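This note's numbering puts the first residue of the sequence shown at 106, with every later residue one more than the last.
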Amino acid sequence: MFGWNGAKRQKTYLASKGAERGYRAKTGVMSGVVSGTKVATEFGWRDVTSLQAGDLVLTFDGGLQPISSVSRTPLWSGEGACPRNFWPLLVPAGVLENDVAMVLLPRQGVMLESDVAEETLGDPFAIVPAAALEGVHGIERVFPQDDMCVVTLHFDCAQVVFAEQGALLFCAAGGDMLDTATRAFDATPAYTVLSLVLATEVIQSGAVWA
């Protein structure tokens with residue numbers, strides 16, 4: 106549905122003022138790509154844990170783009186059990202055009218197509234935090250594995266990458282999704298990252314799944 110060559114379109118950042126608060130703690134992370142997830146690259150689908158700086162990754166708007174750096178972090182390294190707000194979401198196969206079940210962190214941006222987004226924002230493609238998908242089509246929170254690693258792909262400019270054959274994941278430039286999405290770039294358009302409240306409204310409209 107999205108095509109391998111990408112589609113040029115303008116996007117803007119719309120996260121709420123309170124979105125940054127509580128987004129990331131020193132003992133855990135809430136965005137990034139979970140180890141084991143396959144990402145589209147110049148050499149086909151590769152486990153995100155195998156990627157290194159300089160590797161070319163297929164992006165939605167920019168074609169093949171080089172990774173500037175890669176960060177690897179445990180999902181949870183604090184004392185005691187991982188709090189529920191850090192739990193990832195299990196997405197059944199096919200829900201996001203993913204060919205196999207996949208795991209998303211709650212603050213990981215996911216690009217969706219929505220008639221409501223087009224009507225209200227002027228663009229049918231919007232990026233929502235994965236937490237907004239909880240309860241939709243069998244998507245549910247799951248307790249993370251003890252050794253779950255989170256990989257963050259950094260690019261010179263914010264990008265959207267292909268995962269598990271069809272899912273579209275947002276990668277901010279150089280760091281956290283909500284810290285860097287507001288930067289202006291000449292090479293690629295900015296992206297719409299909806300607040301959790303607005304994202305939930307768009308998803309509950311049902312237009313995303315038409």
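C-beta atoms are modelled at their ideal positions from N, C-alpha and C, and glycine is treated no differently.
Source: prediction; values computed, not measured.
query	result
Hey, residue 316 and residue 134: beta-carbon distance below 9 angstroms or not?	The first residue shown for the chain is 106 and the last is 315, placing residue 316 beyond what the model contains.
Just curious, the beta strand (DSSP E) that residue 268 is in, first and last residue?	264-268
Between residue 182 and residue 253, what straight-line distance do the alpha-carbon atoms span, to the nearest angstrom?	10 angstroms
Output yes or no for whether 9 angstroms exceeds the beta carbon distance between residue 166 and residue 298.	no
Under a Cβ-count criterion, where at least 16 other Cβ atoms within 10 Å of its own Cβ denotes burial, should residue 214 be classed as buried or exposed?	buried
What are the start and end residues of the beta strand (DSSP E) that includes residue 195?	194-196
When DSSP labels each residue in this structure, what does residue 191 get in the three-state scheme?	helix
Three-state secondary structure (DSSP) at residue 134?	coil
Can you check whether the CB of residue 205 is closer than 9 angstroms to the CB of residue 195?	no
Determine, using beta carbons only, whether residue 278 and residue 261 come nearer to each other than 9 angstroms.	yes
Helix, strand or coil: which one does DSSP assign to residue 142?	coil
What does the Cβ neighbour count give for residue 293, buried or exposed, with the cut at 16 atoms within 10 Å?	Only weak support exists for where residue 293 lies, its pLDDT of 47 falling under 50; the value from the coordinates is given anyway. Label assigned to residue 293: buried.
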